[in-house]
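Asks: Just so you know, the sequence shown maps onto residues 81 to 513 in the numbering used here. Sharing a structure below in structure tokens format, with a few things to ask.
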Amino acid sequence: MSETAEKATLAVGGKQLDMPIKKGTIGPDVMDISSLYAQAKMFTFDPGFTSTASCESKITYIDGDEGVLLYRGYPIEQLAEHGDFIETCYLLLYGNLPNLAERKEFEDAITHHTMIHEQMSRFFSGFRRDAHPMAVMVGTVGALSAFYHDSTDINDPRQREIASRRMIAKLPTIAAMTYKYSIGQPFVYPRNDLSYASNFLHMCFAVPCEPYKVNPVLARAMDRIFTLHADHEQNASTSTVRLAGSSGANPFACIAAGIACLWGPAHGGANEAALEMLAEIGHVDNIPKYIAKAKDKNDPFRLMGFGHRVYKNYDPRAKIMQKTAHEVLQELGIKDDPLLDVAVELEQIALKDEYFVERKLYPNIDFYSGITLRALGFPTSMFTVLFALARTVGWIAQWREMIEDPNQRIGRPRQLYTGATQRDYMPMSRRGK
Ligand code: CMC
81 MSETAEKATL AVGGKQLDMP IKKGTIGPDV MDISSLYAQA KMFTFDPGFT STASCESKIT
141 YIDGDEGVLL YRGYPIEQLA EHGDFIETCY LLLYGNLPNL AERKEFEDAI THHTMIHEQM
201 SRFFSGFRRD AHPMAVMVGT VGALSAFYHD STDINDPRQR EIASRRMIAK LPTIAAMTYK
261 YSIGQPFVYP RNDLSYASNF LHMCFAVPCE PYKVNPVLAR AMDRIFTLHA DHEQNASTST
321 VRLAGSSGAN PFACIAAGIA CLWGPAHGGA NEAALEMLAE IGHVDNIPKY IAKAKDKNDP
381 FRLMGFGHRV YKNYDPRAKI MQKTAHEVLQ ELGIKDDPLL DVAVELEQIA LKDEYFVERK
441 LYPNIDFYSG ITLRALGFPT SMFTVLFALA RTVGWIAQWR EMIEDPNQRI GRPRQLYTGA
501 TQRDYMPMSR RGK
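Right, here's the structure in full:
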């Protein structure tokens, strides 16, 4: 970040205040208002942070108007097409694509840390079988700090590195165990001869009574889904991880906080909600009714999988996801998927409808990811879990960047208070019946 000679001048309470303007490498400049309170005894007000840059970051860049997503400068389309999730993890964590030796060392380390402490498997049995898998994820990932206390000192770079690699390696195992527990099947141990995505599919779908061969087309689709979800700059869950981490909380607790935030239907829960919505619409004939509901301000219904806080153009991840959905359905020989028919038709209609065009509401990644994940064999309740698994590396990269910043301070937003002014305590006898 460089400071420009240019300043923004604010006229407040008869005073002229000069605010420095800072430049990034791409994207909008920022006005540094950190001295505003000291100079003017005034805060800025921006609920939902629509105009606020909460931090400086070198990891992910989004141009929402153009539909661009870059991880460390590389377009998501190129990473999804030519790269894989393991090198995307390396890229997000360390800033560059790995060379051969770096890749081997990293992949080896991740592969050899996939097992979880055996006692953790007993921890699962404390949950009800019908618990939502995200509830189990929040609990078990939070519990990692109890099992791996030796990597919770955030001031030790070595411990930060170990905790990071442990989480990237163990999240698939925990996610698969969450799934197996929910359907009453035995846990399947990780296999070191399989790739990250293949091993995950194996842990989810293998059973002890017969061999399970991972389909390479489906493993590639799974890997691509992980890559597409790996990071997305300062969204709600990432900001949650940063805020939790800013107090010095341990990395496992911070990632558990991110998972809790991701669970919401406006964020990571949208892929589950999008598929449920497609099922509710059921048939292309019902689409006009649902489009009308989405446009009706008195109806809380929204088209799930449409719209995005940042993308005011087609979400670049949605295009890749759409292609992946078709590849998976073709590989599985699913010719007529009624939900896919509804999705394709709904997309066409919404893209032409004035309401959606005016508000720049385009399909987001969740619109097609649900169809793909369902075809891969996952129940809807697992969709957000898969998102959490993939996003873990992004959260960790962002958490590390924050911890390693010498100017890092605890995050502490301010408020505009509109409650009661000071008043005196009233005894019960004077409060009426
Ligand atoms: N269906 C119908 N109308 C919508 C939708 C939708 N999906 N999304 C936004 N609008 C309308 C909204 O009613 C408002 O209209 P008006 O200006 O007339 O009041 C306008 O568009 C702007 O909406 P907003 O709520 O101010 O936009 P936001 O930036 O606060 O919300 C969003 C973004 C993603 C929460 C929202 O678009 C939404 O709820 N979408 C459905 C849920 C969804 O698909 N979420 C996944 C996001 S992508 C995954 C991720 O990154 O987590």
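Quick reminder that beta carbons are idealized off the backbone N, C-alpha and C, glycines included.
Is Val221 closer than 8 Å to Phe386 when the C-beta atoms are compared?
Replies: No; because the gap between Cβ atoms is not below 8 Å, this pair is not in contact.
Asks: Just to confirm, does Leu383 get its C-beta within under 7 Å of one of the non-hydrogen atoms of the ligand CMC?
Replies: Result yes, Cβ under 7 Å from the ligand CMC.
Asks: Kindly identify the DSSP beta-bridge partner or partners of Gln96.
Replies: In DSSP, Gln96 forms a bridge with Ala91.
Asks: Runs of 4 residues minimum, wholly inside the region 275-356: which ones carry the alpha helix (DSSP H) assignment?
Replies: Complete alpha helix (DSSP H) runs here, min 4: 276-285, 296-309, 316-326, 331-342.
Asks: Quick one: Cα of Val321 to Cα of Trp479, how far?
Replies: Those two C-alpha atoms are separated by around 7 Å.
Asks: Ile367 and Val437: beta carbons closer than 8 Å?
Replies: Their beta carbons are not under 8 Å apart, which means Ile367 does not touch Val437 by this criterion.
Asks: Quick check: is any heavy atom of the ligand CMC less than 7 Å from the C-beta of Arg439?
Replies: At least one heavy atom of the ligand CMC is nearer than 7 Å to the Cβ of Arg439, so yes.
Asks: Pairs of beta-carbons, one from the region 143-151 and one from the region 388-395, closer than 8 Å: are there three or more?
Replies: Contact between the region 143-151 and the region 388-395 is present, because at least three Cβ pairs lie under 8 Å.
Asks: Quick one: grab the DSSP three-state call for Pro155.
Replies: Strand, per DSSP.
Asks: Please determine, among Arg245, Ser327, Leu251, Ser134, the residue with the shortest C-alpha to C-alpha distance to Ile113.
Replies: The candidate whose alpha carbon is nearest that of Ile113 is Ser134.
Asks: In the DSSP output, what is Ile142 paired with across the bridge?
Replies: In the DSSP output, where bridge partners are listed per residue, Ile142 has Leu149.
Asks: Cα separation between Ser319 and Met508?
Replies: Near 43 Å, if we compare the C-alpha coordinates of Met508 and Ser319.
Asks: Based on the DSSP secondary-structure assignment, which residues constitute the bridge partners of Phe386?
Replies: Paired residue(s): Pro443.
Asks: Can you find the residues in the same chain that come closer than 6 Å, C-beta to C-beta, to Glu313, ignoring five residues on each side of it along the sequence?
Replies: Once the five neighbours on either side are set aside, the close Cβ partners of Glu313 are Thr140, Ile142.
Asks: Is Ser137 helix, strand or coil by DSSP?
Replies: Ser137 falls in the coil class under three-state DSSP.
Asks: Between Phe386 and the ligand CMC, is the CB less than 7 Å from at least one heavy atom?
Replies: Indeed, a heavy atom of the ligand CMC lies less than 7 Å from the Cβ.
Asks: DSSP three-state call for Pro368: helix, strand or coil?
Replies: Note: Pro368 maps to helix in three-state DSSP.
Asks: With 16 as the cutoff for other CB atoms within 10 Å, does Cys341 come out buried or exposed?
Replies: The residue is buried, with at least 16 neighbouring Cβ atoms inside 10 Å.
Asks: For the ligand CMC, is there any heavy atom lying closer than 7 Å to the beta carbon of Arg209?
Replies: No.
Asks: Which class does Pro418 belong to by DSSP, given the choice of helix, strand or coil?
Replies: Reduced to three states, the DSSP call for Pro418 is helix.
Asks: Looking at Asp446 and the ligand CMC, is the gap between the Cβ and the nearest heavy atom below 7 Å?
Replies: Answer for Asp446: yes, Cβ within range of the ligand CMC.
Asks: In chain order, what residues of the same chain have a beta carbon less than 8 Å from the beta carbon of Tyr151, not counting five sequence neighbours either side?
Replies: Closer than 8 Å at Cβ, skipping near neighbours: Ile139, Thr140, Leu159, Thr168, Leu171, Leu172, Ala310, Asp311.
Asks: Kindly give me the distance between the Cβ atoms of Ile445 and Met401, rounded to whole angstroms, as I take these residues to be in contact under 8 Å.
Replies: Contact holds; Cβ gap of about 5 Å.
Asks: Would Ile451 and Leu426 qualify as a contact pair, given that the criterion is a beta-carbon distance under 8 Å?
Replies: Their beta carbons are not under 8 Å apart, which means Ile451 does not touch Leu426 by this criterion.
Asks: For His192, count neighbouring Cβ atoms within 10 angstroms of its own Cβ and tell me buried if that reaches 16, exposed if not.
Replies: When all chains shown are included, His192 counts as exposed.
Asks: Rounded to the nearest angstrom, what separates Asn179 and Glu241 at their Cα positions?
Replies: Cα to Cα, the separation comes out at about 19 Å.
Asks: Check each candidate in Arg245, Met283, Ala85 and name the one with the smallest Cα separation from Ala299.
Replies: Looking at the Cα atoms, Met283 is the closest of the given residues.
Asks: Classify Ala430 as helix, strand or coil using the three-state DSSP reduction.
Replies: Three-state result, Ala430: helix.
Asks: Is Asn315 near the ligand CMC, in the sense that its beta carbon is under 7 Å from a heavy atom of that ligand?
Replies: Asn315 Cβ: within cutoff of the ligand CMC.
Asks: Going by other Cβ atoms of all chains shown within 10 Å of its Cβ, with 16 needed for buried, is Val287 buried or exposed?
Replies: Its Cβ having fewer than 16 others within 10 Å, Val287 is exposed.
Asks: Can you tell me which of the three DSSP states Glu182 falls into?
Replies: Glu182: helix per DSSP, three-state reduction.
Asks: Going by the C-beta, is Ala359 closer than 7 Å to any heavy atom of the ligand NAP?
Replies: The ligand NAP is absent from the structure shown, which contains only the ligand CMC.
Asks: How is Tyr170 classed by DSSP in three states: helix, strand or coil?
Replies: Reduced to three states, the DSSP call for Tyr170 is helix.
Asks: Take Thr404 as the anchor and find which of Arg183, Met302, Ser278 has the nearest alpha-carbon.
Replies: Here the closest residue by C-alpha is Met302.
Asks: For Ser449, count neighbouring C-beta atoms within 10 Å of its own C-beta (all shown protein chains included) and say buried if the count is 16 or more, exposed if not.
Replies: Ser449 is buried by the Cβ-count criterion.
Asks: Measuring CB atoms only, is the region 251-258 touching the region 496-511, in the sense that at least three cross pairs come out at less than 8 Å?
Replies: No: fewer than three Cβ pairs fall under 8 Å.
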